Amino acid sequence: MSETILTDRIPLDEYAGLLGAAEIGELRALSRPLVGREVCMVNTTAVGGGVAEILNRLVPLMEELDIRIRWEVMKGGEDFFEVTKAFHNALHGVAYNPRKADFGIFLDYNARNRAHLDLGAEFTVIHDPQPMALIEARPAGKAHWVWRCHIDLSRPNEDVWNFLSPIAGRFDASIFSSPEFARQLPIPQYLFYPSIDPLSEKNRDLDAAYIQQVLAQYKIDPDRRILTQISRFDRLKDPVGVIRAYRIVKRYFDCQLVLAGGGAADDPEGRVVLQNVRREADGDPDIHVLELPAWSPLEVNALQRASTVVIQKSLREGFGLTVAEALWKKKPVVASAVGGIPIQVIHKHTGLLAHSVEGTAYQIRYLLSHPDIAARLGEQGHQHVRANFLITQNLRRYLTLFLLLDSHS
Ligand code: UDP
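111 is the number of the first residue of the sequence shown in the numbering used here; add one for each residue after it.
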């Protein structure tokens with residue numbers, strides 16, 4: 111776990127103030143049979159992206175429950191991440207013609223990682239497709255292996271899925287973020303919603319003075335409307351589409367646009383997308399394109415809290431933790447009706463959904479001209495997150511799954 115960050119160590123009891131002591135007691139009771147047992151989480155990046163965000167909080171909480179948890183980060187070269195990014199997009203339904211060599215690169219890096227990662231835990235959770243072929247290192251005997259897929263698999267590229275599905279079939283169980291993402295597999299499939307941590311630096315309350323300081327640091331005017339999208343610079347997050355929507359809104363309302371994103375260590379496309387964004391912004395002083403350091407949760411928190419409207423105009427989205435983060439902060443959200451977003455944004459109840467640049471602009475204009483409705487959507491969004499998408503619920507799901515797997519062995 112040497113490369114992982116795990117900065118926030120928040121005692122579980124601190125969540126009792128927010129969630130009630132009963133819920134925390136329940137977690138402790140559930141975890142008792144798992145005390146001292148080994149769990150290993152595996153993904154491909156310690157910072158950047160939703161999976162790392164969740165693991166950064168889940169791992170310390172499991173540690174506090176005296177579970178011997180490790181977080182292994184698989185290593186890959188640029189060729190590996192190019193292939194797995196293409197697989198990722200293809201599984202989300204983006205057109206792709208894989209070369210035979212791509213599958214070889216995928217398998218080769220998995221084989222190399224099998225040689226040096228410690229994969230002997232009793233419970234191993236593999237996040238997303240990149241490390242799936244590590245399953246070959248599964249020790250004989252009582253080890254349970256789970257594939258946690260964070261991708262919208264409802265319309266996968268057939269070539270890629272035909273290659274990966276036999277590997278998926280070797281796990282004991284799989285986890286998806288929505289019933290719609292589940293595939294035909296010979297193993298049990300479970301539904302876990304991704305989650306945010308309400309007490310982490312990313313989501314906890316902030317002083318107004320700190321928020322002002324962050325705005326000043328990035329030269330954002332605190333007295334004018336702020337539209338924000340926080341996302342890795344990735345085509346599927348459609349930052350260029352966000353700028354186009356902003357331009358339409360700007361004809362009617364004075365506003366600024368903040369596009370903030372850091373590069374995830376496993377995303378080779380970021381640089382090109384950032385260039386396209388700058389070209390599209392064309393020097394507009396009201397468009398703030400911010401390249402945040404990979405780990406800057408307090409700044410992200412402040413930018414979200416300072417926003418008048420939060421946008422998530424993704425073209426594809428597994429879940430979109432940024433949406434949950436904004437809703438938790440009671441922000442009115444306009445987001446695309448794709449992937450896991452409609453689980454969070456219930457149209458006209460917890461936010462507004464859109465299907466195009468024009469639709470996004472229309473919904474933003476609606477919120478800017480109806481601040482009462484915007485505030486109500488934000489409030490209802492907060493309640494929806496509290497009921498469904500907090501880290502303690504995610505933790506409970508994992509504990510229950512481990513107990514279930516254990517009872518079958
Ligand atoms: N994020 C961040 N800094 C950035 C961009 C994103 O900390 O510059 C965080 C964001 O707040 C969220 C996560 O990265 O917690 C992104 O997760 P999401 O599910 O929205 O998208 P993914 O990147 O996994 O596709």
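Using N, Cα and C, we set each Cβ at its ideal position, and we do this for glycine too.
Remember, predicted model here, so these are calculated numbers, not experimental data.
Query	Result
Option in Val-444, Pro-308, Ala-132 with minimal Cα separation from Val-420	Val-444
Any chain D beta carbon closer than 9 Å to Asp-123	Annotation note: the requested chain D is absent from the structure, which comprises a single protein chain.
Same chain only: Cβ atoms within 6 Å of Glu-148, ignoring 5 sequence neighbours per side	Arg-178, Ala-231, Glu-232
Residues near Arg-388 in its chain [Cβ-Cβ closer than 7 Å; skip 5 each side]	Val-399
Any non-hydrogen atom of the ligand UDP within 8 Å of Arg-342 CB	yes
Inter-stretch contact at 8 Å, needing at least 3 Cβ pairs: the region 424-441 / the region 330-348	yes
Residue burial classification, Ser-112 (beta-carbon count within 10 angstroms, cutoff 16)	Here the model assigns Ser-112 a pLDDT of 42, short of 50, so the residue's position is not dependable, and the following value carries that caveat. The residue in question, Ser-112, is exposed, as its Cβ has fewer than 16 Cβ neighbours within 10 Å.
Collapsed DSSP secondary structure at Arg-258 in the structure displayed	strand
Distance between Ile-358 and Leu-229 (C-alpha atoms, nearest Å)	52 Å
beta-carbon Phe-429 near the ligand UDP non-hydrogen atom, thresh 8 Å	yes
Beta-carbon gap between Asn-220 and Leu-244 smaller than 9 Å	yes
Alpha-carbon to alpha-carbon, Pro-143 and His-465	47 Å
Whole-angstrom distance between Arg-119 and Arg-496, CA atom to CA atom	21 Å
Exposed unless 16 or more other CB atoms sit within 10 angstroms - verdict on Arg-265	exposed
Given His-492 as reference, the closest of Pro-241, Val-410, Ile-456, Asn-166 once Cα atoms are compared	Ile-456
Segment limits, alpha helix (DSSP H) that includes Val-204	Premise fails: Val-204 is in no alpha helix (DSSP H) and is neither H nor E.
Nearest-angstrom Cα separation, counted from Pro-276 out to Pro-249	19 Å
Buried or exposed by the 16-neighbour rule on C-beta atoms within 10 Å, applied to Asp-212	buried
Sub-9 Å separation of Thr-154 and Phe-191 beta-carbons	yes
Residues near Pro-121 in its chain [Cβ-Cβ closer than 8 Å; skip 5 each side]	Glu-174
Which of helix, strand or coil DSSP assigns to Val-448	coil
CB contact flag (Glu-379, Asp-344, <9 Å)	yes
Simplified DSSP assignment, three categories, for Tyr-125	helix
Ranges of the beta strand (DSSP E) found wholly within the region 213-258, counting only runs of at least 3	233-237, 254-258
Met-184 - DSSP class collapsed to helix/strand/coil	coil
Stretch pair the region 407-426 + the region 298-317: three plus CB contacts closer than 8 Å	yes
Proximity to Leu-140 [Cα-Cα], best of Arg-506, Leu-515, Ser-519	Arg-506
Range covered by the alpha helix (DSSP H) that runs through His-494	481-498
Selected residue, minimal CA-CA separation from Thr-432, among Phe-286, Val-270, Lys-312	Lys-312
Chain-order list of residues whose beta-carbon lies under 8 Å from that of Gln-503 (same chain, five-residue window excluded)	Tyr-303, Ser-305
First and last residue of the uninterrupted beta strand (DSSP E) at Tyr-508	Unbroken run through Tyr-508 is the alpha helix (DSSP H), 501-518; no beta strand (DSSP E).
Euclidean distance between Cα positions of Asp-123 and Gly-135	9 Å
Through-space distance from Phe-499 to Gly-158, alpha-carbon basis	19 Å
Cβ-based burial, Thr-194 [other Cβ within 10 Å; buried from 16]	buried
Endpoints, the alpha helix (DSSP H) within which Leu-367 is located	Here Leu-367 belongs to no alpha helix (DSSP H); instead the beta strand (DSSP E) covers 366-371.
Near the ligand UDP: Ser-406 beta-carbon under 8 Å from a heavy atom	yes
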